[in-house]
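In this note's numbering, the protein residues as written are 16 to 395.
For glycine and all other residues, C-beta sits at the position ideal for the given N, C-alpha and C.
Notes for the one structure printed next.
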């Protein structure tokens, strides 16, 4: 049966039911509501450098597979840094942009990147997708295609198909059957346990209290407050108001139901900071943070310790708090590998990227091993 490939310039060209039937709804960032919400509210458009170009594989009238895909005119919001590659292209007299990216915008969370219908051969679908994207890129004069934060099995398979694989490190928390936060702390060495308890006590000493809300318990006032915190914090760090706008939070995030968890910090009756999480059936994803005032240790409490407590009380097995952050190690977050794969149209530059990623992987493995040696847990 012949398979055809279609590239959608908007998710409004496919029904939410069809998209979610193939991609599922447990991994929150692939839900039609999330991805189309980014687009509808102006976060992922040609003007922002995130032009939707989603891949649909069809067998006659049936959908075989779906892939989030964007035509990028820059490398912002990806969390896999390739600015040096863009410079190399320019020195070679070539254009690096536009490029194609299979990723969740502004979200460095590992997850599915090509979803196939029930009963379909996943690897056969990947082969069809690879050929379709190569042909599309050649016709459009696109330099490359990048698959960011795929699952390990996919990253390995794509490497075998000739797409160099980059390896990086994040820090995740794992639920080893803990009954409470104190149970988790009991696994620490004495000194590290005291340090963490001191941080939590410091939050209370400043008169702060924290409240955790989910789904419909988060009202418009709380969303407005959180957006203000997010915008202020981005402005302090980077000089702009962030990748996401007010409508994304008030409409898209607010419409994600029980998959959204918000932690707000109060000084008296005044909200002064907040952290926003998304969740699946087994994983909590820490995504956004913002504050109106700076307080000692509040970031750790709102973004890490409250997330750990939520996982323990709700039986979640993993907490992915986002990219980077060696400060997470001493707080019990273990180093884990993440991956990306890269198809490069130019053969010479493709060979150079392949050599770079092989050398980089050795450094990543050594770094993760060293990071693991610094974990706070008692020695067996």
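Range covered by the beta strand (DSSP E) that runs through residue i
{"i": "residue 356", "result": "349-359"}
{"i": "residue 162", "result": "159-163"}
{"i": "residue 372", "result": "Taken as a continuous stretch (DSSP letters only), residue 372 belongs to no beta strand (DSSP E), being part of the alpha helix (DSSP H) at 362-387."}
{"i": "residue 37", "result": "First-last for residue 37: 31-38, but that is the alpha helix (DSSP H), not the beta strand (DSSP E)."}
{"i": "residue 185", "result": "180-189"}
{"i": "residue 226", "result": "223-229"}
Euclidean distance between Cα positions of residue i and residue j
{"i": "residue 75", "j": "residue 159", "result": "29 Å"}
{"i": "residue 155", "j": "residue 70", "result": "15 Å"}
{"i": "residue 202", "j": "residue 346", "result": "11 Å"}
{"i": "residue 111", "j": "residue 220", "result": "52 Å"}
{"i": "residue 11", "j": "residue 162", "result": "The first residue shown for the chain is 16 and the last is 395, placing residue 11 beyond what the model contains."}
{"i": "residue 293", "j": "residue 262", "result": "17 Å"}
{"i": "residue 67", "j": "residue 255", "result": "23 Å"}
{"i": "residue 253", "j": "residue 53", "result": "21 Å"}
{"i": "residue 304", "j": "residue 310", "result": "14 Å"}
{"i": "residue 90", "j": "residue 205", "result": "43 Å"}
{"i": "residue 58", "j": "residue 100", "result": "25 Å"}
{"i": "residue 50", "j": "residue 34", "result": "11 Å"}
{"i": "residue 184", "j": "residue 333", "result": "16 Å"}
{"i": "residue 144", "j": "residue 169", "result": "13 Å"}
Nearest residue (CA-CA) to residue i, options the options
{"i": "residue 30", "options": "81, 97, 320", "result": "81"}
{"i": "residue 128", "options": "51, 145, 117, 353", "result": "117"}
{"i": "residue 285", "options": "335, 315, 225", "result": "225"}
{"i": "residue 137", "options": "215, 37, 204", "result": "37"}
{"i": "residue 234", "options": "196, 55, 106, 279", "result": "279"}
{"i": "residue 383", "options": "340, 44, 109", "result": "340"}
{"i": "residue 324", "options": "113, 32, 126, 194", "result": "194"}
{"i": "residue 231", "options": "265, 370, 152", "result": "265"}
{"i": "residue 326", "options": "249, 298, 342, 316", "result": "298"}
{"i": "residue 272", "options": "147, 281, 228", "result": "228"}
{"i": "residue 276", "options": "301, 257, 287, 267", "result": "301"}
{"i": "residue 146", "options": "18, 352, 328, 335", "result": "18"}
{"i": "residue 186", "options": "376, 390, 28, 343", "result": "343"}
Own chain partners of residue i with C-beta closer than 8 Å, once the 5 adjacent residues on each side are dropped
{"i": "residue 41", "result": "295, 296"}
{"i": "residue 172", "result": "138, 141"}
Opening and closing residue of the alpha helix (DSSP H) in which residue i lies
{"i": "residue 154", "result": "137-155"}
{"i": "residue 168", "result": "167-175"}
{"i": "residue 218", "result": "205-220"}
{"i": "residue 25", "result": "Segment: none, residue 25 is in no alpha helix (DSSP H) and carries neither H nor E."}
{"i": "residue 200", "result": "196-200"}
{"i": "residue 247", "result": "235-253"}
Residue i beta carbon near the ligand ADP (any heavy atom closer than 7 Å)
{"i": "residue 101", "result": "As for the ligand ADP, it is missing from this structure, which has no ligand bound."}
Nonlocal neighbours in the same chain, by C-beta distance under 7 Å from residue i, ignoring five residues either side
{"i": "residue 123", "result": "94, 164, 337, 338"}
Same chain, Cβ closer than 6 Å to residue i, five either side skipped, listed in chain order
{"i": "residue 198", "result": "none"}
{"i": "residue 242", "result": "261, 264"}
- Message: Threshold first: 3 residues or longer. Then list the beta strand (DSSP E) segments lying entirely within the segment 269-335, N to C.
- Response: 275-282, 285-294, 298-306, 333-335
- Write down every uninterrupted run of the alpha helix (DSSP H) in the segment 41-118 whose length is 4 residues or greater and which is fully enclosed by it, in chain order. 47-55, 98-106
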